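Residue numbers (this note's numbering): 1 to 84. Yeah, the Cβ is synthetic: ideal placement off N, Cα and C, and Gly gets one too. Every value quoted in this text rests on a predicted model; they were computed, and no experiment measured them.
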């Protein structure tokens with residue numbers, strides 16, 4: 001079993017959980033400062049792809065928290081004439 005640590009100061013819990021959900025045979029735990037990813041079959045695990053996925057998910061979380069209300073307002077304005 002191989003372990004990788006991801007800092008809690010860089011990655012949010014939601015981003016970690018959403019990324020781990022997409023990867024089979026990956027477990028998550030945490031210590032005081034890090035999320036610890038445990039890989040059961042390291043031969044089938046691409047850490048570079050996992051890093052890319054987790055960074056993308058964290059970016060989505062950041063953008064949603066920053067612009068979520070704006071997106072909702074645009075959506076409502078665009079479809080307000082179709083509401084019954």
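| query | result |
| --- | --- |
| Cβ separation of residue 1 and residue 40, assumed to be a contact under 8 Å, to the nearest whole Å | 6 Å |
| Three or more C-beta pairs below 8 Å linking the stretch 5–18 and the stretch 41–61 | yes |
| For residue 5, three-class secondary structure by DSSP | strand |
| C-alpha distance - residue 73 paired with residue 3, whole-angstrom precision | 42 Å |
| Collapsed DSSP secondary structure at residue 64 in the structure displayed | helix |
| Bridge-paired residues (DSSP) for residue 37 | 4 and 28 |
| Contact with chain C by residue 74, beta-carbon distance below 8 Å | No chain C appears in the structure shown, which is made up of a single protein chain. |
| 8 Å Cβ cutoff met for residue 50 and residue 23 | yes |
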